[in-house]
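As given, the protein sequences belong to chains W and F, one line each in that order.
Note that the numbering used here has the first sequence beginning at 67, numbered continuously upward.
Note that the numbering used here has the second sequence beginning at 1413, numbered continuously upward.
Some notes on the structure that comes next.
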Amino acid sequence: MEKAEMKAVNKPIRKKDAMQLLMGAPVYTDDIAPSDCLIVKLLRSPYPNAEIEEINTDIAAKVPGIEAIYTWKDVDQNGKRFTCAGQTYPEASPYDRLILDRHVRFVGDVAAIVAGENEKCVDKALSLIKVKYKKLDPILDFRLAKDAAVLVHPEDNWISMAPVGADNKRNLCAHDECSAGDIDGALAGSDIIIDRVYHTKAVQQAMMETFRTFCTIDTYGRLNVVSSTQIVFHCRRIIANALGIPKSMVRVIKPRIGGGFGAKQTSVSEIYPAFVTWKTKKPSKIIFSRYESMTASSPRHEMELHVRLGAMKDGRIRGIDLYTLSNTGAYGEHGPTTVGLSGHKSIPLYGTAEAFRFISDVVYTNHMSAGAYRGYGATQGLFAVESAVNELASELGMDPAAVREMNITHEGELMPAYYGQMNTSCALDRCLARVKEMSGWDEKYPARDMGNGKVRSVGLGLSMQGSGITSVDVGSAILKLNETGFYTLTIGAADMGTGCDTTLAQVAAEVLECSVDDIAVFGADTDISPYDSGSYASSTMYVTGKAVELCANELRDRIIRLGAELIGLGADECLFDGKRVYSAADESRSAELFEIAAASMCGSSDTLAVTKTHSSDISPPPFMAGVAELETDKETGETRVVNFYAVVDCGTPVNPNLARVQAEGGIMQGIGMALSENVTYRGGRVLESSFMQYKIPSRADIGRIHVEFESSYEKEGPFGAKSIGEVVINTPSPAIADALYNAAGKRFYELPITPEQIAEAFAEREKTGNIRSLKEKL
Amino acid sequence: MNIEITVNGKKLRDEIDADMMLIDYLRSHGCLSVKRGCETSNCGLCTVFLDDKPVLSCSVLAARADGRSVTTLEGLRGEAEEFAGFIADQGAEQCGFCNPGFVMNAIALFREDPSPSEEKIKEYLAGNLCRCSGYEGQLRGIEEYLKWKKQK
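Laid out in structure tokens, this is it:
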């Protein structure tokens, strides 16, 4: 339904909960937990791979206030395993976990669960549990994991639920191969091949609210779980699987969430208090420390990406051959699925390519399990492919923007590497043109020496993502007309700060021609909400938003039908303007909305409530072009992003303010990944275990971020909308890496790029005599 | 040990453990706007005023506040609301978890310097981390607020 003038959609409306959040209202998990909750904490393994030979809890259990201590002895070691990944049937992530496993597989894996009256007694008990570990050889380098002698999951009750090429006896969590066209021929016929290996690390979502959950037993003896989660319905299944109880006995509710970014698409914290409360029938809660959130959580998959990109001398890209090796860590959460995006959401940017090949392996190691993080594999893939395209441009002495102009995908073209889907809506060409203009690209590219020991330089990157998982993700909405004519919208999608409670209400308000304030929104509760796969995979606006639109349209029809009946006309003779239903022929014959609402609640056998579910057989990609402008100190290597320019095509921005902040926030996370967020394992232990070592950008660390929109119109989306949440994190890494090359003359193939490496690059260039690029050669 | 603290204008007397941190004391007295985001004094979420000076309540012993007065966001309604509206108008509150600490410290800044430069704003609030917004919308909101304040 396209309208010339929209009243609610595309308007920068305040988030419905904005003032409550800004004023510190007690709306998060820990704020609403009962005060008599048992405190749950976990004893974690100090070894990356070990078997628990003995575990003695006798003394610990005697600490006053301790309610219960659980070890592997309390869990059937031959029972059915489960995954903590929040995914739709058939679950791609292997069933490889037990709540408590005698075999601990990373530093931080759980050896015991302790529950007690207060933190002090629980801490005391944790220190008194005696464990004798039998240390096993760990696999710490993911390049050596496949077919290694040491197996991360040697057990026979490991199960792969879907045909993803997994084999625990080879340390393989997944393997896949796909291609189109003759890639070997395309590469052989190319004038130039960029053949490079890129490495990205297991960076952390670092949402401000750590993982947390509280559990109670309700009136009916059911387990009620209140958790900071993006996926209430998946959570219900995961908890039931973990505890081995019927799903009907579990209810999961999401209050406000203090950020997720994919971290909370895995049930990282839920199963432990669920286990305690189910066993003790007492309320319990777990609050992860920041240390635990940094060392035993669900970060991005570390990947090594081998790109071979073939092109002609004139810049035409002929083919891309990508091999991705992904490190899922000790457990397979999101392992088989993240890796796919590294190829399927990077290669299709280049529409001219006549062939591609994409092969991937996902391996187990004795690192903490990886999970879902905004961008979900596309971020890693785009760092590699976009960096290769930047290198191609400089090898050919061409402007990287010109190489893009020649090769990018356009609306109406087939995208073989994007699951063979059509490019149904795309303003990438306009994004590119606009970002050049905005950033002053032609004047600033590639670099200028500021004469004060500093160099200013620019770099470019493109990005795409998806809008939900094709034919898998499901969004739903229930809309009701209530007394006096206000509406309630019930959803199963999770507003985690993104503002979907508001943006989905905007979609409904547009259809129902009312104010967003006339729509009360509720989400999400597995007992009340309609089924929704959850807020991830950039699905909420495109998939759930469409469900809301369909739902509102049907409710609108039913309001007209009842209104027409009240004034003694047929529905086709009447119109609705949001406030009343009236005769098209004679406006004085009308029924006010409050009258219609009252009629539906008095002597009526027709409730004015509609439930709609929607799934899409395409996943229209949003696109983006980003330019980083850096200022780099030649002596110290200190680099500052003085400006980041971004132009995004998310289709119609349903709420331009919130879309813009999504872009700004995603860009900042991308900058962190490129320049400061490092993950270093030593002996299987993560060194960056707090915000002291793991440096997410502060506001003092960067200049300004400039975001604009160039919108295409996606016919399958609500009012032309696609997604925004993930596409925005992908351009900083390749743009910054190329800007640093333009400044210092050295290519960087690993993230983050540290000041030490940059200073060394400048020093090296001083020594070897200043050959910055091959531009001069050609 | 026994302490006496004035919290948001109300005198409280309590028997507490000597190692209790101010954040836990305040949360146990219903000041739930005070949030914990780290254990290393890095994130700024737990910012409150101790005798009108912003402090990280995760790093101050409750006993240190004995005989002094503490203000949390719950005690700053009018002043905070006036400013917060400008952040809401940018959509920069996002998940909201860092908001109370950020709002507290921003108010401390405005009290100290009614017309801070962009550089001063960034420097003063550098210790208030936010993972959602990229800070840009917060900066726009602050700039709009200061503009409005000047015109008023």
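C-beta atoms are modelled at their ideal positions from N, C-alpha and C, and glycine is treated no differently.
Contact with chain F by GLY325(W), beta-carbon distance below 7 Å | As a working mapping, residue 325(W) is identified with position 259 in the first sequence. Yes, because at least one Cβ of chain F sits closer than 7 Å to the Cβ of GLY325(W).
Every unbroken alpha helix (DSSP H) within the stretch 385 to 410 of chain W, with a cutoff of 4 residues, ordered by chain = 401 to 410
Along chain F, in chain order, which residues have C-beta atoms closer than 7 Å to that of VAL714(W)?
-> For the purposes of this step, residue 714(W) is taken as residue 648 along the first sequence, with counting starting at 1. Residues of chain F passing the Cβ test: none, with the nearest at roughly 13 Å.
Based on Cα-Cα distance, which residue from MET273(W), ALA618(W), LEU104(W), GLU368(W) lies nearest to GLY563(W)?
-> To locate residue 563(W), count along the first sequence from 1; it is residue 497. With distances taken between Cα atoms, GLY563(W) lies closest to MET273(W).
Going straight from the alpha carbon of SER363(W) to that of LEU164(W), what length do you get?
-> Start at 1 with the first residue of the first sequence, and residue 363(W) comes out as number 297. Start at 1 with the first residue of the first sequence, and residue 164(W) comes out as number 98. Going by the C-alpha atoms only, they are around 16 Å apart.
Proximal residues of chain W, C-beta to C-beta of SER1445(F) below 8 Å = Sequence index remark: in the second sequence, residue 1445(F) carries index 33 (1-based). By Cβ distance, chain W contributes MET89, GLY90, ALA91, PRO92.
Does the beta-carbon of ILE837(W) have 16 or more other beta-carbons within 10 angstroms, so that it is buried, or is it exposed?
-> As a working note, residue 837(W) is residue 771 in the first sequence. At ILE837(W), the pLDDT of 48 sits below 50, so the modelled position is not reliable; the number obtained from the coordinates is stated separately. It counts as exposed.
Can you name, in chain order, every residue of its own chain whose Cβ lies under 6 Å from the Cβ of LEU844(W), other than the five neighbours on each side?
-> Taking the first residue of the first sequence as position 1, residue 844(W) is located at position 778. With a pLDDT of only 39 at LEU844(W), under 50, the local geometry of the prediction cannot be trusted, and the value read off the model is given with reservation. Counting only Cβ-Cβ distances below 6 Å, and skipping sequence neighbours, we find GLY463.
With a 10 Å radius around its C-beta and 16 neighbouring C-beta atoms as the bar for buried, classify LYS379(W) as buried or exposed.
-> Here the question's residue 379(W) lines up with position 313 in the first sequence. By the neighbour-count rule (16 or more Cβ atoms within 10 Å), LYS379(W) is not buried but exposed.
Around the Cβ of LYS69(W), are there at least 16 other Cβ atoms within 10 angstroms (buried) or fewer (exposed)?
-> Looking up residue 69(W) in the first sequence gives position 3. Here the model assigns LYS69(W) a pLDDT of 48, short of 50, so the residue's position is not dependable, and the following value carries that caveat. Here LYS69(W) is exposed, its C-beta having fewer than 16 other C-beta atoms within 10 Å.
Give me the Cα-Cα distance between ARG1425(F) and SER1445(F), rounded to the nearest whole angstrom.
-> Here residue 1425(F) corresponds to residue number 13 of the second sequence, with the count starting at 1. Here residue 1445(F) corresponds to residue number 33 of the second sequence, with the count starting at 1. Approximately 21 Å, taken between the alpha carbons.
Residues, ordered as in the chain, of the stretch 1414 to 1441 of chain F that lie near chain W by beta-carbon distance below 7 Å | If the cut-off is 7 Å between Cβ atoms, the stretch 1414 to 1441 of chain F has nothing near chain W.
Kindly indicate which three-state DSSP category ASP140(W) falls into: helix, strand or coil?
-> Here residue 140(W) corresponds to residue number 74 of the first sequence, with the count starting at 1. Of the three classes helix, strand and coil, the one that applies to ASP140(W) here is helix, per DSSP.
Can you have a look at THR606(W) and say buried or exposed, based on whether 16 or more other CB atoms are within 10 angstroms of its CB?
-> Numbered from 1 along the first sequence, position 540 holds the residue referred to as residue 606(W). Buried: at least 16 other Cβ atoms inside 10 Å.
Just reading off the beta strand (DSSP E) that PRO722(W) is part of, what are its end residues?
-> Numbered from 1 along the first sequence, position 656 holds the residue referred to as residue 722(W). PRO722(W) -> not in any beta strand (DSSP E); alpha helix (DSSP H) instead, spanning 722 to 741.
Residues, ordered as in the chain, of the stretch 760 to 794 of chain W that lie near chain F by beta-carbon distance below 9 Å | ILE762, PRO763, SER764, ARG765, ALA766, ASP767, ILE768, ARG770, ILE771, HIS772, VAL773
Could you have a look at SER839(W) and say whether DSSP puts it in helix, strand or coil?
-> Walking along the first sequence from the start, residue 839(W) turns up at place 773. Below a pLDDT of 50, predicted positions are generally treated as unreliable, and SER839(W), at 44, falls in that range; the measurement from the model is reported next regardless. SER839(W): coil per DSSP, three-state reduction.
Using the Cα positions of GLN270(W) and GLU117(W), report the straight-line distance between them to the nearest angstrom.
-> Residue 270(W) sits at position 204 when you count from the first residue of the first sequence. Residue 117(W) sits at position 51 when you count from the first residue of the first sequence. Approximately 28 Å between the Cα atoms of the pair.
Can you check DSSP and say which residues form a bridge with SER426(W)?
-> Here residue 426(W) refers to the residue found at position 360 when the first sequence is read from its first residue. ASP242(W), THR390(W).
Selected residue, minimal CA-CA separation from GLU39(W), among GLU822(W), LEU458(W), MET481(W) | Nothing can be reported for residue 39(W), as the shown portion of chain W is limited to 67 through 844.
Element boundaries [beta strand (DSSP E), containing ASN1414(F)] | Counting from one through the second sequence, the residue named residue 1414(F) turns up at place 2. Per DSSP, ASN1414(F) belongs to the beta strand (DSSP E) from 1414 to 1419.
Which of helix, strand or coil does DSSP assign to VAL1460(F)?
-> Locating residue 1460(F) in the second sequence gives position 48, where the first residue counts as 1. Residue state, collapsed to three classes: strand.
Beta strand (DSSP E) containing SER350(W): first to last residue?
-> For this step, residue 350(W) is matched to residue 284 along the first sequence. First-last of the beta strand (DSSP E) with SER350(W): 350 to 353.
CB of ILE662(W) within 7 Å of CB of PHE642(W), strictly = Looking up residue 662(W) in the first sequence gives position 596. Looking up residue 642(W) in the first sequence gives position 576. No, the Cβ-Cβ distance between ILE662(W) and PHE642(W) is not below 7 Å.
Mind listing which residues of the stretch 270 to 290 of chain W have their C-beta closer than 9 Å to chain F's C-betas, in chain order?
-> GLN271, ALA272, MET273, MET274, GLU275, THR276
For GLY152(W), which option in ASP598(W), GLU695(W), GLY636(W), GLY611(W) has the closest C-alpha, if you only look at C-alpha atoms?
-> Indexing the first sequence from 1 puts residue 152(W) at position 86. Looking at the Cα atoms, ASP598(W) is the closest of the given residues.
Proximity winner among ALA246(W), SER654(W), GLY247(W), PRO220(W), relative to ASN234(W) (alpha-carbon distances) | Along the first sequence, read from residue 1 onward, the residue named residue 234(W) stands at position 168. Checked all of ALA246(W), SER654(W), GLY247(W), PRO220(W); the closest Cα to ASN234(W) is PRO220(W).
Using beta-carbon positions only, say whether ALA421(W) and GLY381(W) come within less than 7 Å of one another.
-> Here residue 421(W) corresponds to residue number 355 of the first sequence, with the count starting at 1. Here residue 381(W) corresponds to residue number 315 of the first sequence, with the count starting at 1. For the 7 Å CB-CB criterion, ALA421(W) and GLY381(W) do not form a contact.
Where do the N-terminal and C-terminal ends of the alpha helix (DSSP H) with TYR807(W) fall, by residue?
-> For the purposes of this step, residue 807(W) is taken as the residue at position 741 of the first sequence. Where TYR807(W) is concerned, the enclosing alpha helix (DSSP H) stretches over 798 to 810.
Does any C-beta atom of chain A lie closer than 7 Å to the C-beta of CYS1450(F)?
-> As a matter of chain content, chain A is missing from the structure shown, whose protein chains are W and F.
How would you label GLN1563(F), buried or exposed, when you count the other beta carbons within 10 angstroms and need 16 or more for buried?
-> Here residue 1563(F) is taken as the residue at index 151 of the second sequence, counted from 1. With fewer than 16 Cβ atoms within 10 Å of its Cβ, GLN1563(F) is classed as exposed.
Tell me the DSSP bridge mates of ASN709(W)?
-> The residue you call residue 709(W) lines up with position 643 of the first sequence. GLU695(W), ARG770(W).
So the beta strand (DSSP E) VAL1467(F) belongs to, where does it begin and stop?
-> Within the second sequence, residue 1467(F) is the residue found at index 55, counting from 1. Start and end: 1465 to 1468.
May I ask you to report which of helix, strand or coil DSSP gives ARG646(W)?
-> Position 580 of the first sequence, counted from the start, is the residue given in the question as residue 646(W). DSSP places ARG646(W) in strand when its eight states are reduced to three.
Integer Cβ distance of VAL693(W) from VAL524(W), believed to fall under 8 Å | The residue labelled residue 693(W) in the question sits at position 627 within the first sequence. The residue labelled residue 524(W) in the question sits at position 458 within the first sequence. Sure, about 6 Å apart at Cβ, within 8 Å.
Using three-state DSSP, classify ALA618(W) as helix, strand or coil.
-> Reading the first sequence from its first residue, position 552 is the one you call residue 618(W). Looking at ALA618(W) - three-state DSSP - the assignment turns out to be helix.
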